[in-house]
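Remarks on the structure that follows.
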Amino acid sequence: MKTNVRIVLLFMVIFNFSLIHAQGIGEFKPSTQDYGTGKLKKNAKRIYIASFNVNFEVYKEAINYKASGGFGGNVKGEAMARGAIGLNGLLQEDIQAKTNQLYNEFVADLKAKGFEIISPEVASKTSTYEGWEKETGPYVVESGLPGVMTAVPEGYTFFIVRY
Numbered sequence: 121m122k123t124n125v126r127i128v129l130l131f132m133v134i135f136n137f138s139l140i141h142a143q144g145i146g147e148f149k150p151s152t153q154d155y156g157t158g159k160l161k162k163n164a165k166r167i168y169i170a171s172f173n174v175n176f177e178v179y180k181e182a183i184n185y186k187a188s189g190g191f192g193g194n195v196k197g198e199a200m201a202r203g204a205i206g207l208n209g210l211l212q213e214d215i216q217a218k219t220n221q222l223y224n225e226f227v228a229d230l231k232a233k234g235f236e237i238i239s240p241e242v243a244s245k246t247s248t249y250e251g252w253e254k255e256t257g258p259y260v261v262e263s264g265l266p267g268v269m270t271a272v273p274e275g276y277t278f279f280i281v282r283y
């Protein structure tokens, strides 16, 4: 019985000691970010959407490796685990439709906040896009990332530099 009491007291001392040395994170206030639209409101009302694409991850592969090792004469072997998952039945038309929807919602949100969207023709006359080529969506292509498809909305025009 004395042993049980001592163990309980020991755990209480350790627990209290850990509470004394615990680090507080302060008050947590989560917030959303508008990615710079607040700054734009103060300065300019005419903007050009220089880039808009949506990445869809359709395939993911994971590999986990554990090296061999041991302690005190107890040796354990190494192990490797692989897993992969992919989406089946996802059509290019569905990806394009979702991309178009997201782009239209984005433009509507900007217009509701009082921004005027500059057309690609006006933007092409600026010095920023001098020597750049125009590309126009829609399209869905494989991105440079394995298992990721990139989609550009229908009717959206952007500029690229070809080397």
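Take any residue in the sequence shown, note its place counting from 1, add 120, and you have its number in the working numbering. Beta carbons are placed, not taken as given, at the ideal position from N, Cα and C, and that holds for glycine. Since the structure is predicted, the reported quantities are computational estimates derived from the model, not experimental observations.
Three-state class that DSSP yields for residue i in the structure shown
i: N184; result: strand
i: I205; result: strand
i: A199; result: strand
i: Y259; result: strand
i: I127; result: helix
Same chain, Cβ closer than 6 angstroms to residue i, neighbours up to 5 away in sequence not counted
i: R202; result: I183
Under 8 angstroms between C-beta atoms of residue i and residue j
i: I280; j: E253; result: yes
i: Y179; j: M200; result: no
i: S263; j: N175; result: yes
i: Q212; j: V261; result: no
i: A228; j: Y168; result: no
i: G257; j: E177; result: no
i: A204; j: E236; result: no
i: I238; j: R166; result: yes
Residues near residue i in its chain [Cβ-Cβ closer than 8 angstroms; skip 5 each side]
i: F172; result: Y223, F226, V272, P273, Y276 and F278
i: Y249; result: A243 and F279
N- and C-terminal bounds of the beta strand (DSSP E) containing residue i
i: F283; result: Note that residue 283 corresponds to Tyr in the displayed sequence, not to Phe. Careful: Y283 lies outside any beta strand (DSSP E) and carries neither H nor E.
i: A271; result: V268 to V272
The alpha helix (DSSP H) enclosing residue i, as first and last residue numbers
i: E225; result: Q212 to A232
i: E177; result: Segment V174 to E177 is the beta strand (DSSP E) holding E177; no alpha helix (DSSP H) there.
i: E250; result: First-last for E250: undefined, no H or E at that position.
i: A164; result: Here A164 belongs to no alpha helix (DSSP H), and DSSP marks it neither H nor E.
Cut-off 7 angstroms between Cβ atoms - residues of its own chain near residue i, not counting five sequence neighbours on either side
i: G189; result: K196
i: A187; result: E198
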